[in-house]
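When you line the sequence shown up against the numbering used here, it's residues 2 to 163, in that order. Notes follow once the structure below has been shown.
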Amino acid sequence: MLFAALVERYPDLGWSLSRSLTSYLPQAVNHFRRGQVCEVITSLLCQPVQLPEVKKEFMLSISKDLKCFCIDCMKSSEHEKKSKHTKPVIRLLHQLIVSCRGQAEVFDQCFNRDELLTEIHELTEIEPIKSSQAIVTECRKLVLCLNEMAANSQHRTKKSKH
């Protein structure tokens, strides 16, 4: 918790450590620690950035790996994993997508919307995700966010044609 508070108070420090944080995710000691790292990265993505190009560079360089990690983590059926360990991962994925708002080129390079929607739909059919209302709700938020971004993208495309 001390580290999370430090990153919240000094986001520039957090951004300088962002690559180290993301590289720790796959090798975390357990699901609880992985969840804590996800929460720190999520809070970092919510922070205002002094240099927007730093956030954009981070998004372009690491978000594909983070997305794959999030999906793989949610699909894993390890017995000790509980829904409380999955929620931070879903929230991280949601914040990655939200961070791409207004940056269509970043989103397009980082995510395949249709593929992501299919993966999220498949996830909601897997236990223990299917039996956790909290996780299903987080997945619905993801779908709404993706649909909203698609609608905004179509609206911008129509405007540019006129």
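All C-beta atoms in this analysis are idealised placements derived from N, C-alpha and C, irrespective of residue type, glycine included. Source: prediction; values computed, not measured.
Worksheet entry | Stretch-stretch touch, CB-based, cutoff 8 Å, three pairs: the stretch 49-68 with the stretch 12-27 | As far as the Cβ criterion goes, the stretch 49-68 touches the stretch 12-27, which means the pair count is three or higher.
Worksheet item: Distance, Cα to Cα, Leu97 vs Met60?
Response: One-based indexing of the sequence shown puts residue 97 at position 96. One-based indexing of the sequence shown puts residue 60 at position 59. Between Leu97 and Met60, the C-alpha separation is close to 8 Å.
Worksheet item: Can you name, in chain order, every residue of its own chain whose Cβ lies under 7 Å from the Cβ of Thr125, other than the five neighbours on each side?
Response: Position 124 of the sequence shown, counted from the first residue, corresponds to residue 125. The residues are Lys131, Val137 and Cys140.
Practice prompt. Please work out which residues of its chain come closer than 8 Å, Cβ to Cβ, to Gln104, disregarding the five sequence neighbours upstream and downstream, and give them in chain order.
Written response: Here residue 104 corresponds to residue number 103 of the sequence shown, with the count starting at 1. Result list for Gln104: Lys57 and Met60, in chain order.
Practice prompt. Starting from the C-beta of Val144, find all residues in its chain whose C-beta is less than 7 Å away, skip the five residues before and the five after it, and write them out in chain order.
Written response: Stepping through the sequence shown from its first residue, residue 144 is reached at position 143. The beta carbon of Val144 lies closer than 7 Å to those of Leu118 and Ile121 in the same chain, with the five residues before and after it left out.
Discussion item. When you compare the CB positions of Leu46 and Arg35, do they come within less than 8 Å of one another, or not?
Written reply: The count along the sequence shown starts at 1 and reaches residue 46 at position 45. The count along the sequence shown starts at 1 and reaches residue 35 at position 34. No. Outside cutoff.
Fill in: Endpoints, the alpha helix (DSSP H) within which Thr119 is located
As a working mapping, residue 119 is identified with position 118 in the sequence shown. Annotation for Thr119: the continuous alpha helix (DSSP H) segment containing it runs Arg114 to Leu124.
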